[in-house]
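Single-structure report; data block below.
Residue numbers (our numbering): 17 to 439.
See below:
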């Protein structure tokens with residue numbers, strides 16, 4: 017495609033009738049770089065639009081939920097412990113301009129089989145819908161090097177997990193600590209400062225509570241899921257939430273680094289203190305939340321620790337929640353990582369067991385409990401040593417135990433496997 021003539025509007029000022037000579041690069045020797053270069057449909061630093069590149073991300077996974085004792089004792093009647101799905105299947109584009117503007121979008125591919133759910137006494141297969149997973153425009157502010165503003169639909173950045181791309185996270189799914197906030201991609205505005213040496217990052221995000229949902233039940237106030245998102249109830253006065261965050265990296269050497277991070281999140285919705293004055297519940301589910309993180313990378317070891325405190329849970333009678341996540345990852349081989357993750361949470365009726373993708377889908381376990389402990393053991397096999405996010409096989413086993421009141425309400429294993437690709 018690099019040999020074609022492009023229209024004048026794309027060339028951004030080329031003289032009509034003159035061919036555009038595109039920049040050429042040596043053929044890459046790395047197979048991942050070759051694929052990424054093949055996805056570049058246009059590149060010319062001398063035109064207004066300097067680069068147009070396609071991008072794609074897929075994840076297919078399978079899971080088996082195995083409660084303790086009789087393995088089917090807690091499986092819903094007519095349900096099954098097994099699930100498989102296309103967790104992600106997106107096609108997108110990145111467009112870069114000479115004015116330091118970037119346009120990005122990912123479009124979900126519709127009609128693919130996704131998670132089985134339990135409906136009407138039986139397991140039912142769902143199918144993906146076509147829509148924007150994200151779509152945003154980012155502008156670099158040239159007056160302050162490292163400062164940018166972004167607007168559109170994108171992922172909120174709160175907790176260590178959610179600051180990491182879903183192409184990079186080392187576990188098949190994000191943790192209970194992260195997923196309890198239900199932070200899907202959302203409409204909003206972001207101001208970000210990244211220091212030139214990349215050691216310091218500060219950001220602020222303002223997000224509408226009226227976010228897109230993967231479901232569109234008749235009683236949902238979910239305009240985006242029906243395709244009329246710009247008629248949605250943004251309600252910035254009392255139906256939005258805000259995130260302030262920052263990261264500082266220090267002791268940077270050729271062997272690794274240390275980093276600390278902190279985030280504060282506040283929801284302006286009026287649906288707290290038992291007052292549900294019609295505000296929706298598409299925010300993060302709590303009135304306020306704090307997250308503190310620490311990361312160390314040294315040679316083959318990467319270790320993350322993340323502590324979270326959340327206050328006034330919307331669906332749990334105003335109770336609070338505290339949690340911790342510990343996650344070491346060790347490279348036993350350039351193409352093989354071993355992963356361990358511990359999650360612990362406590363808070364009366366404020367610990368979201370349904371933050372797991374499958375347990376509450378097929379078992380009789382309640383969605384909200386008083387405490388959760390979970391231990392994840394995983395192995396990741398990478399197709400490329402240099403580009404680990406490009407393609408990998410993932411295997412994981414997670415043991416979860418949950419209590420409500422004075423009783424165990426769920427405990428058991430969940431076995432997962434996934435294929436993830438990102439180009």
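In this text, a Cβ means the ideal position worked out from N, Cα and C, and glycines have one as well.
Beta-ladder partner(s) of residue i, from DSSP
| i | result |
| --- | --- |
| residue 115 | Residue 115 is not bridged to any residue. |
| residue 185 | The partner list for residue 185 (beta bridge, DSSP) is empty, contrary to what the question assumes. |
| residue 124 | 106 and 147 |
| residue 80 | 98 and 431 |
| residue 47 | BP columns for residue 47 are empty, so no partner. |
| residue 256 | 224 |
| residue 345 | 318 and 355 |
| residue 210 | 217 |
| residue 312 | 274 and 319 |
| residue 413 | 393 and 431 |
| residue 360 | 340 and 389 |
| residue 281 | 259 and 305 |
| residue 424 | 419 |
Beta-carbon spacing of residue i, residue j below 9 angstroms
| i | j | result |
| --- | --- | --- |
| residue 273 | residue 312 | yes |
| residue 171 | residue 109 | no |
| residue 397 | residue 351 | yes |
| residue 354 | residue 394 | yes |
| residue 191 | residue 82 | no |
| residue 143 | residue 129 | yes |
| residue 329 | residue 337 | yes |
| residue 438 | residue 389 | no |
| residue 381 | residue 426 | yes |
| residue 309 | residue 277 | yes |
| residue 77 | residue 407 | no |
| residue 66 | residue 114 | yes |
| residue 156 | residue 116 | yes |
| residue 269 | residue 91 | no |
| residue 299 | residue 335 | no |
| residue 400 | residue 132 | no |
| residue 140 | residue 134 | yes |
| residue 10 | residue 345 | In this structure the chain extends from 17 to 439, so residue 10 is not present and cannot be described. |
Proximal residues to residue i (C-beta, below 6 angstroms), its chain only, five neighbours per side dropped
| i | result |
| --- | --- |
| residue 415 | 391 and 429 |
| residue 280 | 260 and 306 |
| residue 373 | 189 |
| residue 178 | 194 and 199 |
| residue 56 | 69 |
| residue 405 | 183, 184 and 438 |
| residue 210 | 162 and 217 |
| residue 58 | 68 |
| residue 347 | 316 and 353 |
| residue 118 | 112 and 154 |
Nonlocal neighbours in the same chain, by C-beta distance under 7 angstroms from residue i, ignoring five residues either side
| i | result |
| --- | --- |
| residue 167 | 152, 153 and 205 |
| residue 422 | none |
| residue 444 | With the chain represented from 17 up to 439, any question about residue 444 goes unanswered, as that position is not in the structure. |
| residue 207 | 165, 219 and 220 |
| residue 52 | 439 |
Best match in the options for proximity to residue i [C-alpha to C-alpha]
| i | options | result |
| --- | --- | --- |
| residue 263 | 174, 324 and 305 | 174 |
| residue 137 | 150, 94, 144 and 101 | 94 |
| residue 121 | 310, 417, 106 and 199 | 106 |
| residue 149 | 383, 73, 258 and 439 | 73 |
| residue 212 | 119, 104 and 162 | 162 |
| residue 271 | 386, 84 and 315 | 315 |
| residue 104 | 126, 115 and 112 | 126 |
| residue 322 | 341, 302 and 165 | 341 |
| residue 96 | 102, 84 and 80 | 80 |
| residue 84 | 424, 410 and 436 | 424 |
| residue 169 | 302, 201 and 160 | 201 |
Cut-off 8 angstroms between Cβ atoms - residues of its own chain near residue i, not counting five sequence neighbours on either side
| i | result |
| --- | --- |
| residue 250 | Residue placement at residue 250 cannot be trusted, given a pLDDT of 42 that sits under 50; the coordinates are not used to answer. |
| residue 367 | 192, 196, 337, 339, 361, 384, 385, 386, 387, 388 and 418 |
| residue 123 | 106, 107, 108, 146, 147, 148 and 149 |
For residue i, the three-state DSSP class (helix, strand or coil)
| i | result |
| --- | --- |
| residue 439 | coil |
| residue 215 | coil |
| residue 93 | coil |
| residue 407 | strand |
| residue 337 | strand |
| residue 132 | strand |
| residue 57 | strand |
| residue 140 | strand |
| residue 157 | coil |
| residue 370 | helix |
| residue 378 | helix |
| residue 418 | strand |
| residue 201 | coil |
| residue 445 | One cannot answer for residue 445 here, as it falls past the ends of the chain, which runs 17 to 439. |
| residue 66 | strand |
| residue 302 | strand |
| residue 265 | strand |
| residue 194 | helix |
C-beta neighbour in chain C for residue i, strict 9 angstroms
| i | result |
| --- | --- |
| residue 182 | Protein chains in the displayed structure number just one, and chain C is not present. |
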